[in-house]
Amino acid sequence: MFFLEFAIVLIVMLIGAQYGGIFFGMAGGVGLAVLVFVFKLAPASPPIAVMLIILSVVVAASTLEAAGGMQVLIKKAEALLRKNPSRITFFSPLIAWVFTFMSGTGNVLYNVLPVIAEVAREAKIRPERPISIAVIASQHAVVASPISAATVALASMLAPQGVTLTQIMVIAIPATLIGIMAGALVVNRMGRELEDDPVYLEKMAKGLIPVLTAQEQGAIANTKEAKLSVVIFLIGAVLVVLLGTFSWLRPDVVNAAGKVSKLNMTNAIEIVMLSISALMVVTCKVDVNKIISGSVFKNGMLGVVSVFGLAWMSDTLLVNNMDMIKNSVQEVVKAQPLLFAFALFVASAITHSQGATVAALVPLGIALGVSGLTITAMFPAVCGYFIIPSTGVLLAGVAFDRTGTTKIGKYVVNHSYMVPGLVATIVGVITGFVILRIFF
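Below you can see the structure in the form of structure tokens.
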């Protein structure tokens, strides 16, 4: 019966991938309904803790966007890229990584991609190279960011095993950086040189590639309030790291029964994120209506709904079949933990979400006896959603490259992101295990 139930879950995820976006969460609800009403499984507890922690981070990042802080970061990126055009294939992924790391969301990349495309073309460098690896770098930075939805969800799940946010970052930061730089080395020679590319030459001959102007990029906010919002947001990120590193900074709290315990990191992150959001609104004169209408909030809420439906459905399947699953695959996964990394990779390719993948599969890994640090080492494996190029930032990279070098091939999977994505992910996971072996 388990395999039939498991097939239902897979079918639901595949159908969700067809529609994308918020439909993932809706499809998860349908799958849950089948498991409960048809197979008579008792529903697991909804993933409320994970949803709330993601929501708090989304609110903070959305407030930063409404305050103009995202645009400040983008302006800095443009200046750096234009100063070093010949090194754009290596600078663009670093900029994408740093900005995503600081903001906790890859949405900042949308406004950087046109700059990357323009600077690359001006430097006569094939835009496919810096664009493809920048998009992949942004995905991997989500794994390393202490305030991304995926990382805070992982930290909350692994906390009972004694794994701290600091330990996750010690592994994830170098692993993802080394992974994306390996990807940059590979794509640096990918494809023909721009001036030899037949598609580009044809577009030039037909006058289909106009010169980009500064006006096309849109006005960049550069007010003191926008700059202050960046400072406040980064202070919040530092506070999260400090609270995770030094437990004595978190107060001892007393519950209604009189039991004293240390404030857990899940609640600490939620408190910090909501507090800095309020501080940005008050000190940076933020229009609160813009917070909920911005792209960061909308995309973040998609993630919350996806986690709600998918994680609840997956947890229901796992809780009701845990004994059978343990008996069947526990020893195999313990002996070959990389098999679980492959499962994370495949799940992320289907869900198109690091956070949803963490919520759906990490509880299974823990239940199967995979150690928290081992799961952390394979954390970069959740960046597999480049396999099917249907998410916004992947499509944006193609759209912003007017030369036509960044593309999705005839067979869909033969696209510009495949090579850098595979290299960055494989090298990232290997590096994670090397760090684990050396330092832990």
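For the sequence shown, UniProt numbering assigns the number 440 to the last residue and increments by one with no breaks. Backbone N, C-alpha and C fix where the C-beta goes; we use that ideal spot for every residue, glycine too. Being a predicted model, the structure only gives us computed values, none of them experimental.
Spatial neighbours of Gly421 within its chain, please: C-beta separation below 7 Å, excluding the five flanking residues on both sides. Ile136, Phe386
Give the straight-line distance between the Cα atoms of Val143 and Ile438, rounded to the nearest whole angstrom. 21 Å
Below 7 Å CB to CB, which residues in the same chain sit around Glu193 once its five sequence neighbours on both sides are set aside? Arg126
Using 8 Å as the Cβ pair cut-off and three pairs as the minimum, do the segment 417-435 and the segment 174-181 touch? yes
Proximity winner among Met13, Met1, Leu4, relative to Trp312 (alpha-carbon distances): Met13
Between the Cα of Leu243 and the Cα atoms of Met265, Gly258, Ala256, Ser261, which residue gives the shortest distance? Met265
Return the CA-CA distance between Ala117 and Ile11, expressed in angstroms with no decimal places. 38 Å
Taking only three categories from DSSP, how would you classify Lys206? coil
When you compare each of Ala347, Ala360, Gln336 to Lys371 by their alpha carbons, which one comes out closest? The sequence shown places Ser at residue 371, rather than the Lys named in the question. If we check each option's Cα against that of Ser371, Gln336 comes out closest.
Contacts around Ala61, its chain only, beta-carbon distance under 6 Å, and the 5 residues preceding and following it disregarded: Ser103, Gly104, Thr105, Val296
What runs of the alpha helix (DSSP H), each 4 residues or longer, lie entirely inside the segment 280-341? 288-293, 295-335
Based on Cα-Cα distance, which residue from Val423, Phe379, Gly404, Val393 lies nearest to Leu158? Phe379
What would DSSP say about Asp401, mapped onto helix, strand or coil? coil
Quick check on Ser261: does DSSP put it in helix, strand or coil? strand
Any idea which residues DSSP pairs Ile408 with across the strands? His415
Buried or exposed: which applies to Ala219, given that a residue is buried once 16 or more other Cβ atoms fall within 10 Å of its Cβ? Reliability fails at Ala219, whose pLDDT of 46 lies under 50, so the model's placement of it is uncertain and the value that follows must be treated cautiously. Looking at its Cβ environment, which holds fewer than 16 other Cβ atoms inside 10 Å, Ala219 is exposed.
Starting from Ile38, trace the alpha helix (DSSP H) in both directions and tell me its first and last residue. In the sequence as presented, Ile is not what sits at residue 38; that position holds Val. Looking at the DSSP string, Val38 is not in any alpha helix (DSSP H), and its letter there is neither H nor E.
Environment of Arg121 [buried if 16+ CB atoms lie within 10 Å]: buried
Closer than 8 Å by C-beta to Leu32: which residues in its own chain qualify, once you throw out the five before and the five after it? Chain order, please. Pro43, Gly309, Trp312, Met313, Thr316
Looking only at DSSP bridge pairs, what is Val370 linked to? Partner(s): none; Val370 has no beta bridge.
Considering only residues of the same chain and omitting the five flanking positions on each side of Ala237, which have a CB-CB separation below 7 Å? Met102, Pro146, Ile147
By Cβ distance, which residues of its chain are closer than 7 Å to Thr63, with the 5 residues on each side in sequence left out? Ser277, Met280, Val281, Val286, Ile291
Report back the beta-carbon spacing between Ile388 and Ala349 to the nearest angstrom; my notes put them in contact at under 8 Å. 6 Å
Give the straight-line distance between the Cα atoms of Ser156 and Leu302, rounded to the nearest whole angstrom. 20 Å
Just tell me which of Val319, Val419, Ser132, Val423 has its CA closest to the CA of Leu394. Ser132
Considering Val115, what are the terminal residues of the alpha helix (DSSP H) in which it resides? 113-122
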